[in-house]
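Protein chains: 6
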Amino acid sequence: MKSIADLADGDRIDSQFLVNACTKGVTANSRSYLTISFQDATGTMDGKKWDVDPGDEEVFVPGNIVSVEAEVISNKNVLQMKVLSGASIAQEGIDFTRFVPSSPIPKEELVKKLEAYLASLHDGDVKKLTTYLLKKFYDRYLDYPAAVRNHHNFASGLLYHSLSMADDAEALCRLYPSLNRDILIAGCLIHDVGKTIELSGPVATKYTLEGKLLGHISIMQAEIKEAADVLKMQGEIPVLMQHMVLSHHNKPEFGSPMEPETREALALAMIDDFDAKMNILDKAYAGVNPGEWTQKVFAFDDRYFYQPFYNEKKE
Amino acid sequence: MKSIADLADGDRIDSQFLVNACTKGVTANSRSYLTISFQDATGTMDGKKWDVDPGDEEVFVPGNIVSVEAEVISNKNVLQMKVLSGASIAQEGIDFTRFVPSSPIPKEELVKKLEAYLASLHDGDVKKLTTYLLKKFYDRYLDYPAAVRNHHNFASGLLYHSLSMADDAEALCRLYPSLNRDILIAGCLIHDVGKTIELSGPVATKYTLEGKLLGHISIMQAEIKEAADVLKMQGEIPVLMQHMVLSHHNKPEFGSPMEPETREALALAMIDDFDAKMNILDKAYAGVNPGEWTQKVFAFDDRYFYQPFYNEKKE
Amino acid sequence: MKSIADLADGDRIDSQFLVNACTKGVTANSRSYLTISFQDATGTMDGKKWDVDPGDEEVFVPGNIVSVEAEVISNKNVLQMKVLSGASIAQEGIDFTRFVPSSPIPKEELVKKLEAYLASLHDGDVKKLTTYLLKKFYDRYLDYPAAVRNHHNFASGLLYHSLSMADDAEALCRLYPSLNRDILIAGCLIHDVGKTIELSGPVATKYTLEGKLLGHISIMQAEIKEAADVLKMQGEIPVLMQHMVLSHHNKPEFGSPMEPETREALALAMIDDFDAKMNILDKAYAGVNPGEWTQKVFAFDDRYFYQPFYNEKKE
Amino acid sequence: MKSIADLADGDRIDSQFLVNACTKGVTANSRSYLTISFQDATGTMDGKKWDVDPGDEEVFVPGNIVSVEAEVISNKNVLQMKVLSGASIAQEGIDFTRFVPSSPIPKEELVKKLEAYLASLHDGDVKKLTTYLLKKFYDRYLDYPAAVRNHHNFASGLLYHSLSMADDAEALCRLYPSLNRDILIAGCLIHDVGKTIELSGPVATKYTLEGKLLGHISIMQAEIKEAADVLKMQGEIPVLMQHMVLSHHNKPEFGSPMEPETREALALAMIDDFDAKMNILDKAYAGVNPGEWTQKVFAFDDRYFYQPFYNEKKE
Amino acid sequence: MKSIADLADGDRIDSQFLVNACTKGVTANSRSYLTISFQDATGTMDGKKWDVDPGDEEVFVPGNIVSVEAEVISNKNVLQMKVLSGASIAQEGIDFTRFVPSSPIPKEELVKKLEAYLASLHDGDVKKLTTYLLKKFYDRYLDYPAAVRNHHNFASGLLYHSLSMADDAEALCRLYPSLNRDILIAGCLIHDVGKTIELSGPVATKYTLEGKLLGHISIMQAEIKEAADVLKMQGEIPVLMQHMVLSHHNKPEFGSPMEPETREALALAMIDDFDAKMNILDKAYAGVNPGEWTQKVFAFDDRYFYQPFYNEKKE
Amino acid sequence: MKSIADLADGDRIDSQFLVNACTKGVTANSRSYLTISFQDATGTMDGKKWDVDPGDEEVFVPGNIVSVEAEVISNKNVLQMKVLSGASIAQEGIDFTRFVPSSPIPKEELVKKLEAYLASLHDGDVKKLTTYLLKKFYDRYLDYPAAVRNHHNFASGLLYHSLSMADDAEALCRLYPSLNRDILIAGCLIHDVGKTIELSGPVATKYTLEGKLLGHISIMQAEIKEAADVLKMQGEIPVLMQHMVLSHHNKPEFGSPMEPETREALALAMIDDFDAKMNILDKAYAGVNPGEWTQKVFAFDDRYFYQPFYNEKKE
């Protein structure tokens with residue numbers, strides 16, 4: 639059974655995919671058709687079903703896994719499925735992770751690394767607060783993507799991104815000894831935990847009501863405040879942790895109500911930006927040969943990026 | 639004993655004032671002098687003490703009331719005190735409200751009005767949450783100014799501003815029936831309660847550490863979240879109240895991490911803006927005669943405002 | 639005869655509509671088709687005529703009322719007419735108001751209210767100038783919409799919007815006694831009269847040459863200037879009225895060559911903004927159920943608005 | 639009697655100057671002093687009078703010519719007068735032009751050139767409207783400066799600037815034949831006539847009430863509208879002339895409520911910008927030697943400009 | 639053989655065109671079709687080939703001249719070719735200039751004018767440097783367009799634009815004697831020479847790798863630097879010429895790393911802007927009748943321009 | 639002999655300092671005085687000489703080392719010297735490095751590290767080009783500061799900053815294997831070499847003419863281009879290196895004519911930003927105790943930064 643990433647112009651397939659979205663249109667001669675977004679662990683592809691059968695809309699339900707017969711055709715250099723037929727299948731027992739892009743590093747390894755970072759924290763308040771917050775949202779924290787679309791949008795992407803940032807922080811603290819390692823590592827681990835409330839989950843990820851009305855930054859800041867009260871923690875650590883979360887998008891226009899006002903808050907915001915951008919470029923460069931340019935990259939104001947020949951051997 | 643607002647060029651005074659600030663400078667001939675900012679309920683005035691006596695710095699302590707002998711002189715059209723001598727006085731028992739601008743409406747009346755508004759709320763969740771939050775910060779809420787400098791910067795200014803907005807909301811709800819009165823009134827009452835944590839108090843008001851690192855908007859949003867948990871309140875009301883607080887500065891560049899996404903959140907932001915601006919203009923127009931212009935008004939990008947002759951009879 | 643607002647997927651209709659626009663396209667197999675925008679008092683709907691008959695372009699003339707046979711179909715969740723045939727009908731004697739959205743309050747009531755406001759003005763110059771200007775454009779002022787598309791885009795929308803603002807002004811003058819009621823009410827009534835020259839009329843509203851090259855703000859300012867000369871009016875009132883009109887969009891980037899420099903000019907701009915935004919939200923929320931979100935709202939930078947459950951009973 | 643431009647460090651003078659402004663200050667030892675801005679046809683210089691005599695404030699009245707004894711001293715590389723004494727002189731009969739920078743070209747020549755341009759207009763409406771407007775404000779148009787401070791701020795500067803732009807227009811119309819010469823020349827002549835109402839006059843120039851509340855752009859647009867009505871002129875010429883005036887600052891943020899929407903309106907705005915900038919640079923480069931830099935130039939965001947050696951022979 | 643500019647709805651043609659671009663799409667019934675952009679000296683037109691024959695993609699190769707049979711049809715008021723068949727023809731010996739818009743002035747005349755300008759330069763360094771740089775890129779300089787799309791996008795457009803600017807400079811130097819003619823004329827001639835490296839050539843013009851990664855401004859600045867070293871030229875002329883090139887887009891947001899800091903650099907930037915805008919308007923106004931408006935003009939933020947009746951006689 | 643960093647209010651000193659700047663002013667009683675900026679390796683301090691002796695201006699020459707007798711006094715919390723006398727001393731043989739802040743790491747160590755990085759480059763073109771460029775400016779590259787004022791403004795600051803960035807790059811390349819180490823390290827080493835032409839030198843650093851008119855970014859890009867021609871280097875490496883230099887300020891508004899379009903160019907810009915900001919904060923935090931705030935930091939839009947108590951042990 640071919641994966642989406644393997645499909646080529648002319649393929650005839652009989653496969654299972656996750657339905658992301660489905661909308662009905664009308665052709666020039668007033669016949670209905672469906673546009674369906676399919677997904678598996680390797681990517682997404684749009685399909686068209688030109689002849690809509692009576693039960694089709696009950697089959698192509700967003701969030702469901704369906705069985706699909708289709709031809710793959712190329713339209714303006716983009717592959718597309720011409721769906722011949724679709725069928726519902728029993729949803730129970732399906733391993734959904736087969737249909738969601740997975741982390742490049744196995745979840746178990748990520749969890750081990752996370753626990754090691756937690757164990758490495760020396761400062762009592764920092765350690766207590768960080769541990770309390772991660773444990774409160776532990777299951778979601780291990781499974782959620784880091785974003786709906788932008789970067790690290792795969793299962794455990796949130797954890798992957800948080801640990802990647804912690805690695806950066808560890809390396810930079812060695813080079814810039816005036817950085818406080820404990821609070822910076824803690825900031826890397828918790829800065830995006832609010833996404834477990836902002837987003838609906840790892841499959842067919844959407845924004846929740848809280849997500850749309852409050853945003854993950856304010857959600858998480860309030861969680862830290864409440865956690866400090868629950869833990870009866872005094873002193874500046876809870877305030878500084880709240881500040882790091884509030885300011886980690888760096889500028890008001892990027893969603894941060896405060897700009898960084900400590901060295902570690904600034905470092906956190908810059909590390910977050912760096913790690914997200916590197917991941918965005920990984921995605922943009924995927925499949926781009928030396929001497930070619932990427933598609934427009936949304937996160938860079940629709941700029942194109944060039945793939946130099948010096949990367950020839952690597953990719 | 640003359641008030642600051644009554645002083646004129648040439649006056650010789652022996653009076654008591656609150657010290658707002660005090661800095662030491664050096665003259666061309668290397669003699670030290672002090673620049674002191676004095677305040678009473680009617681205004682502020684800078685003073686210079688050219689001959690610094692040994693104990694002077696212990697006398698002119700910011701936040702203290704001091705006894706001052708001085709001459710009033712005019713410097714570039716601005717009155718200034720030439721301080722001849724200053725003396726410490728016992729601080730206990732001093733009625734500090736004499737030295738802080740007071741609300742145009744007595745605090746007791748404001749409190750009555752507040753209680754009436756609270757009693758008028760119908761929606762159970764809205765009423766419970768609003769009451770809980772106001773009571774938690776009740777004493778400060780009744781005494782604090784609404785800002786350090788910008789608008790409603792007088793004792794009980796926060797309460798005055800909140801009620802003035804509630805009056806606006808009441809009137810507008812009658813004209814725009816699609817506005818939900820309960821949540822809008824509640825929003826007016828609680829939107830700035832975070833200032834009781836952001837600011838140090840009604841006298842010699844400064845920003846606290848929480849104020850500088852978190853800001854009153856995020857502080858209050860976290861309080862609402864925690865209050866809802868304490869009250870075990872479910873449903874959308876706590877989320878919507880948090881959203882109103884988060885978005886009441888309307889735009890990211892004015893400190894709001896979210897922009898208004900409900901009709902009432904939008905109305906709240908616009909009413910807040912209107913009430914603040916009217917108060918800023920009251921202050922800017924004070925003492926400006928018909929046909930004259932105000933000083934530059936900081937809150938309006940240093941624009942000048944004109945006092946028309948049609949206001950002649952009024953002022 | 640069904641109204642546009644009542645149409646549903648699958649309806650077969652034989653009805654009369656106003657033609658807003660008509661463009662010709664070509665299908666993949668090189669056959670011509672027409673895309674026509676239809677309108678009646680309850681809304682607008684696009685139609686497609688796939689087989690173009692010789693005389694069709696003489697039938698679907700923008701600004702005309704036509705007789706239409708069509709099927710209603712749903713395309714990407716948007717209803718659309720598949721036009722089977724269209725026929726010209728005699729235009730004389732048609733009651734065009736049947737095809738234009740009408741004011742929620744009958745025109746007669748609005749006129750009465752207008753006259754009452756005019757009668758209530760005390761200041762001689764303000765009253766004389768306001769009356770002169772409104773009478774000069776009286777018929778259009780009573781019939782025009784307030785905008786082509788954005789807000790209050792219905793017959794008498796200009797009058798409706800002006801009076802709604804006057805109501806706001808009346809209420810706010812009571813709450814803020816430093817506001818001058820006369821000039822503010824006058825400003826509400828005349829601020830948008832320039833739209834009677836900027837726009838073509840209440841049906842199939844377009845911009846005129848003056849509208850495109852000068853804009854309603856400058857058009858109206860020049861009218862006030864000329865009116866003052868005709869009335870041989872001296873003093874600051876004509877200048878202040880011109881200033882209010884020039885500054886009522888508040889910022890250069892919104893079309894105002896001057897920013898408000900009197901209290902009443904500022905209040906006028908803020909009231910205008912509030913009334914327009916409330917009307918825009920009324921339109922955006924129409925038909926949106928509690929728990930749902932509006933479509934993107936253009937006037938709010940394509941933001942979505944949430945319909946809370948507390949509005950359940952009302953709508 | 640030395641002119642301001644000729645003064646040097648150490649000079650002892652007894653001369654007459656126009657007083658631009660006068661403010662009172664207080665020294666460290668509480669003695670009053672005056673800061674006075676003096677002007678003659680060659681420039682401006684600040685003076686300090688350290689010992690204020692009783693009648694001094696009646697002498698140094700802004701707008702008056704006074705007799706001054708002073709020493710010239712250098713303060714932070716800027717020359718300044720130490721005023722020893724000042725005396726009132728009879729103002730009647732004084733030739734004020736001696737105290738105001740004059741046009742590099744005599745007024746008579748400018749007037750001749752203006753009349754030639756008027757005579758050269760072919761289009762009937764353009765000629766009639768332009769002539770009417772210039773004659774209405776003729777005396778002021780011949781005497782006023784083009785600005786308070788920025789560019790062409792000398793007697794007849796408005797006329798000088800208008801004709802300089804007309805020269806540019808004449809040359810460019812030959813190079814770009816698609817430009818309509820008549821309306822462009824007319825635009826150059828009338829675009830800034832509103833300044834005769836916006837500004838107080840050629841001596842000690844200030845903004846008038848109309849100037850501050852309406853601005854010269856809107857003032858002039860209204861004059862054109864009224865002129866067209868007086869002349870009973872129909873057709874698009876008056877509208878296009880209004881449009882040119884409204885759009886000649888090119889962008890809303892520079893004060894234009896409309897952006898240019900005809901080729902000639904665009905050309906007018908660009909020619910105005912070019913002529914103003916060349917004049918600003920003439921002033922900035924005055925006295926700057928090759929290899930040196932100008933002071934910060936306000937109109938260019940405080941940029942410095944370099945004087946190349948290739949200009950050595952010229953200056 | 640009809641030119642593209644002469645084609646009308648309903649024409650049946652058998653002609654030769656340059657292929658600019660070709661993309662494959664799929665129709666609703668899953669049949670492939672091609673969208674081809676055709677060009678000749680008079681303009682461009684899109685075509686659709688609905689039935690794709692096996693060899694079609696080898697025929698419609700971008701950059702090739704092809705023989706085309708087609709019907710011309712109107713789609714949403716835009717003409718389009720319905721391509722019936724296409725055939726390859728031998729490319730050798732084809733006169734490509736027949737398929738590329740040509741300069742309104744013959745290349746030979748432009749070259750003569752260029753040589754005259756070069757001969758007219760007096761300053762030794764300016765002349766030597768300018769001549770060296772133009773000769774180094776001479777052939778391309780004579781043939782290249784000034785841009786891919788925006789302005790002067792025709793063969794020899796670069797030269798045409800450079801000379802047009804030189805004409806402007808010559809005229810303005812006469813009106814503003816403080817401008818240095820030599821360096822300004824030189825700046826006009828060389829400012830865009832970097833486009834000969836930034837762009838691929840006069841036919842089917844695209845950006846090169848250097849063009850995309852460095853831009854014509856930096857490319858040319860480096861060429862001047864190297865030329866000065868090759869010519870062993872000392873002194874400020876090479877630095878000033880580099881500065882003129884670096885700053886000729888005036889503002890960082892338009893691609894200039896430096897803002898103009900000499901009078902001539904400023905004049906160059908303004909002349910460049912004026913000449914480009916006049917050319918853009920020539921293109922936008924082409925075929926627009928008096929009383930009509932142009933299409934949206936991209937270079938003016940999608941503004942529309944009005945064609946006045948005073949241009950009736952001319953066009 | 640006390641260093642500037644050791645001076646305290648009330649000190650009486652007899653010491654040697656570098657003169658950074660000297661300006662003459664006039665006191666209220668018209669006596670001249672000098673304001674002199676003094677510097678040594680530990681910092682800078684302003685001094686006033688109230689009684690100007692005839693030869694003083696020949697003594698306090700910017701760039702010279704002078705002998706100074708002075709009293710240290712505190713003015714508005716800032717220390718200042720009251721200069722009693724100053725004397726010229728012989729400049730030859732003076733070790734200027736004693737008067738310029740020095741690198742925290744000895745120059746010799748930095749040079750060793752630099753050579754190691756150069757030796758570690760594998761790619762032939764990258765190594766050849768980088769080595770050529772560094773050797774061409776070697777002496778200056780080892781001695782120059784990285785900026786006049788902003789960051790790393792000490793002797794060898796340019797080298798220190800370049801190597802610090804290389805260390806960051808080395809660490810990040812290990813964490814992000816898709817980054818090309820060679821070109822990124824090379825970019826770190828050469829990105830700011832243009833500052834050796836932009837700035838005047840390590841003592842009393844100013845901008846040169848090239849610096850002001852071209853900027854270090856364009857200067858260096860042209861050097862790479864010329865170097866590649868001298869080395870007859872083909873291929874994309876020289877273009878990519880130029881691109882990295884052009885884009886290393888990331889955005890046009892920060893001086894980069896191109897935005898990063900390769901992964902390494904982006905990483906370079908972000909690493910440069912990070913290293914500069916960490917150094918700016920080191921300077922801002924110097925001497926700030928836990929619980930206190932820094933002064934306004936210019937590079938962060940005048941934001942204040944907080945010194946947390948968790949840094950108590952460290953500083």
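Protein chains in written order, with the numbering used here: chain X, 639 to 953; chain G, 639 to 953; chain R, 639 to 953; chain L, 639 to 953; chain E, 639 to 953; chain U, 639 to 953. By construction, the Cβ of each residue, glycine as well, lies at the ideal position given by its N, Cα and C atoms.
Rounded separation between residue i and residue j - CA only
{"i": "Gly681 (chain E)", "j": "Gly724 (chain E)", "result": "19 angstroms"}
{"i": "His760 (chain R)", "j": "Ile823 (chain R)", "result": "11 angstroms"}
Three-state secondary structure (DSSP) of residue i
{"i": "Met719 (chain X)", "result": "strand"}
{"i": "Lys889 (chain X)", "result": "coil"}
{"i": "Ala686 (chain R)", "result": "Looking at the sequence itself, residue 686 (chain R) is Lys, so the reference to Ala does not match. In this structure, Lys686 (chain R) counts as strand in the three-state DSSP scheme."}
{"i": "Phe775 (chain X)", "result": "coil"}
{"i": "Ile862 (chain G)", "result": "helix"}
For residue j and residue i, believed in contact at Cβ under 8 angstroms, the rounded distance
{"i": "Val664 (chain L)", "j": "Ile651 (chain G)", "result": "The pair is not a contact, with the Cβ atoms about 17 angstroms apart (cut-off 8 angstroms)."}
{"i": "Phe676 (chain G)", "j": "Ile703 (chain G)", "result": "Wrong, their Cβ atoms sit about 10 angstroms apart, outside the cutoff."}
{"i": "Thr900 (chain R)", "j": "Pro742 (chain G)", "result": "Contact flag wrong, Cβ pair sits at about 22 angstroms."}
Reference residue i, options the options, closest by Cα
{"i": "Pro700 (chain L)", "options": "L:Gly693, L:Cys660, L:Val690", "result": "L:Cys660"}
{"i": "Ser641 (chain G)", "options": "G:Asp647, G:Gly648, G:Gln654", "result": "G:Gln654"}
{"i": "Leu748 (chain E)", "options": "E:Tyr923, E:Glu861, E:Ala784, E:His799", "result": "E:His799"}
{"i": "Pro840 (chain R)", "options": "R:Gly795, R:Ile857, R:Leu813", "result": "R:Gly795"}
{"i": "Asp777 (chain E)", "options": "E:Lys745, E:Arg787, E:Val786", "result": "E:Lys745"}
Any residues in the segment 868 to 900 of chain G with a beta carbon nearer than 7 angstroms to a beta carbon of chain R? Which ones, in chain order?
-> Within the segment 868 to 900 of chain G, the qualifying residues are Glu874, Leu878, Glu897, Glu899, Thr900.
Interface positions of the segment 813 to 826 of chain G facing chain R (Cβ-Cβ less than 9 angstroms), listed along the chain = Of all residues in the segment 813 to 826 of chain G, Leu813, Tyr814, Pro815, Ser816, Leu817, Asn818, Asp820, Ile821 have a Cβ within less than 9 angstroms of some Cβ in chain R.
Taking a cut of 7 angstroms between CB atoms, which residues from the segment 650 to 664 of chain R lie near chain E?
-> For the segment 650 to 664 of chain R, the set of residues with a beta-carbon nearer than 7 angstroms to any beta-carbon of chain E comprises Thr661, Lys662, Gly663, Val664, in chain order.
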